[in-house]
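Residues 0 to 207 in numbering that gives the first Met the number 0 are what the sequence shown lists, from first letter to last. No residue lacks a Cβ here, since even glycine has one placed at the ideal position from N, Cα and C. Only a predicted model underlies this, so the values are computations on that prediction, with no experimental measurement involved.
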Amino acid sequence: MAQYGFYFDSARCTGCKTCVLACKDRHDLGVDRAYRQVYDYEGGSWTAGADGSFTQNVFMYHLSMACNHCTDPACVTNCPAGAMQKDEETGIVWTDHEVCIACGTCDSVCPYGAPVLDSEAGYMTKCDMCKDRVAEGKAPICVESCPLFALEFGLVEELAAAHPEAVGAIAPMPADSPTGPCVLIRKAPAAKDAGDVDGFVGNEPEIV
Ligand code: SF4
Ligand code: SF4
Ligand code: SF4
């Protein structure tokens, strides 16, 4: 099975959130839903010296993340209705809205908070990797829209070959990745390891 995934360059990303808005526009999402999130991760402090100078170790960077179309997707394994599907040709994980019973199990077991409820329609939704565009040989709209070229899309093995320096996760992603997320990340100099607890998500109210 081929496996598509994302590459994200945290050294390039400015946190502009064009990727988020391009996705929301394409999928006609209201203010209460987003399939891609940009986390502003920040922290550090400063101390005043006796001579009146200050030293600091503050940091801040961004993480743009959607569903990671995992190789061992907990959402698929645990869905009691069989609504979460992993496509055998592409590895894309998508939601069959016809059979979803909106129980929220997928959301509760996903380590990345990817599934979101469409409360009006009564089913769970999430990033489907723009599979209609991918079927036409195009990249997902979030990747196409990034003005900083911080996102790439492709076969995971090809992304890994092109970016040998990439890591599998950075904060605020969890340290454990039991679901096998298909994302590669270039660590910005300021970026912290996955599981870091020294920083915090500074734009928490924006995350839906
Ligand atoms: S569009 Fe690009 S630069 Fe802007 S937030 Fe998204 S990934 Fe970062
Ligand atoms: S990121 Fe979450 S919703 Fe997406 S495939 Fe992995 S477990 Fe499922
Ligand atoms: S791949 Fe498509 S659905 Fe997924 S976050 Fe990007 S624009 Fe949204």
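Environment of residue i [buried if 16+ CB atoms lie within 10 Å]
i: residue 128; result: buried
i: residue 93; result: buried
i: residue 124; result: buried
i: residue 196; result: exposed
i: residue 54; result: exposed
i: residue 51; result: exposed
i: residue 120; result: exposed
i: residue 30; result: exposed
i: residue 91; result: buried
i: residue 14; result: buried
Own chain partners of residue i with C-beta closer than 7 Å, once the 5 adjacent residues on each side are dropped
i: residue 21; result: 140, 141 and 144
i: residue 187; result: 9, 10 and 60
i: residue 199; result: 41 and 42
i: residue 178; result: 69, 71, 72, 73 and 110
i: residue 100; result: 80
Sub-9 Å separation of residue i and residue j beta-carbons
i: residue 77; j: residue 181; result: no
i: residue 3; j: residue 154; result: yes
i: residue 194; j: residue 170; result: yes
i: residue 115; j: residue 32; result: yes
i: residue 5; j: residue 150; result: yes
i: residue 137; j: residue 42; result: no
i: residue 104; j: residue 126; result: no
i: residue 12; j: residue 63; result: yes
i: residue 89; j: residue 159; result: no
i: residue 189; j: residue 58; result: yes
Beta-bridge pairing of residue i - partner residues as DSSP gives them
i: residue 61; result: 39
i: residue 184; result: 7 and 166
i: residue 70; result: Note: residue 70 sits in no beta bridge, so no partner.
i: residue 28; result: Note: residue 28 sits in no beta bridge, so no partner.
i: residue 208; result: Here the chain has residues from 0 to 207 only, and residue 208 is not among them.
i: residue 231; result: Nothing can be reported for residue 231, as the shown portion of the chain is limited to 0 through 207.
i: residue 117; result: 122
Contact set for residue i: own chain, Cβ-Cβ below 8 Å, skip 5 residues either direction
i: residue 132; result: 138, 139 and 140
i: residue 56; result: 43, 44 and 45
i: residue 174; result: 168, 192, 193 and 194
Check: residue i C-beta below 8 Å from any heavy atom of ligand 5
i: residue 180; result: Ligand 5 is not part of the structure shown, which contains ligand 1, ligand 2 and ligand 3 as its ligands.
Checklist entry - Per the contact definition of three or more C-beta pairs closer than 8 Å, is the region 69-87 in contact with the region 101-114? => result yes
Next on the checklist: Could you check whether the region 78-90 touches the region 31-43, counting it as contact only if at least three pairs of C-beta atoms, one from each stretch, sit closer than 8 Å?
Outcome noted: Cβ pair count under 8 Å is below three, so no.
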